[in-house]
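Take any residue in the sequence shown, count from 1 to its spot, add 5: that is its number in this note's numbering. In what follows, a single structure is set out as structure tokens and then discussed.
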Amino acid sequence: MGTTTSFESPDLVSWKVWVLGIDGSGNLLWQEEILPRNNQRDWRVVDAEPFKDGAVIVATSIGNYVIRIDSSGRLVWAKNINFIPSDVATDDEAIYMAGGGSVKGIIMALDGSGNPIWTNAY
6 MGTTTSFESP DLVSWKVWVL GIDGSGNLLW QEEILPRNNQ RDWRVVDAEP FKDGAVIVAT
66 SIGNYVIRID SSGRLVWAKN INFIPSDVAT DDEAIYMAGG GSVKGIIMAL DGSGNPIWTN
126 AY
């Protein structure tokens with residue numbers, strides 16, 4: 006995972022999140038480019054975590070988005086979580102994130118559809 010930059014002209018720059026699915030031998034299974042809202046320039050992947058079914062959760066730094074991609078590389082959903090996540094973990098029940106915002110620290114749990122289960126600020 007990472008970002009790509011495309012310079013189509015001096016005034017038009019495209020910024021995208023580039024996500025790859027690879028198998029245990031390093032063979033490419035799929036790749037997907039996701040264009041951020043409003044073509045935000047500092048869009049960065051800060052963490053990613055796979056699910057057992059092959060789906061991936063991607064946390065981003067701009068727009069405070071968490072993105073779920075299915076096992077074929079298709080975007081399932083993108084949610085604004087109102088803080089910048091720095092760590093993501095998953096289990097069969099939830100997506101857990103920790104990060105910072107207007108307070109020193111935030112921990113949040115989302116269900117598999119990206120809906121908040123709970124949030125704690127410290």
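Even for Gly, the Cβ is constructed at its ideal location relative to N, Cα and C.
Asked	Found
Residue span of the beta strand (DSSP E) that contains residue 69, given as start and end	Counting along the chain, residue 69 falls outside any beta strand (DSSP E), and DSSP gives it neither H nor E.
Member of 77, 69, 94 and 73 whose CA lies at the smallest distance from the CA of residue 87	69
Beta-carbon contacts of residue 14 that lie in its chain and below 8 Å, excluding the five residues immediately before and after	With a pLDDT of only 42 at residue 14, under 50, the local geometry of the prediction cannot be trusted, and the value read off the model is given with reservation. Excluding positions up to five away in sequence, the list is empty.
Separation of residue 29 from residue 57, as counted between CA atoms	14 Å
Strand pairing of residue 101, partner residues [DSSP]	94 and 114
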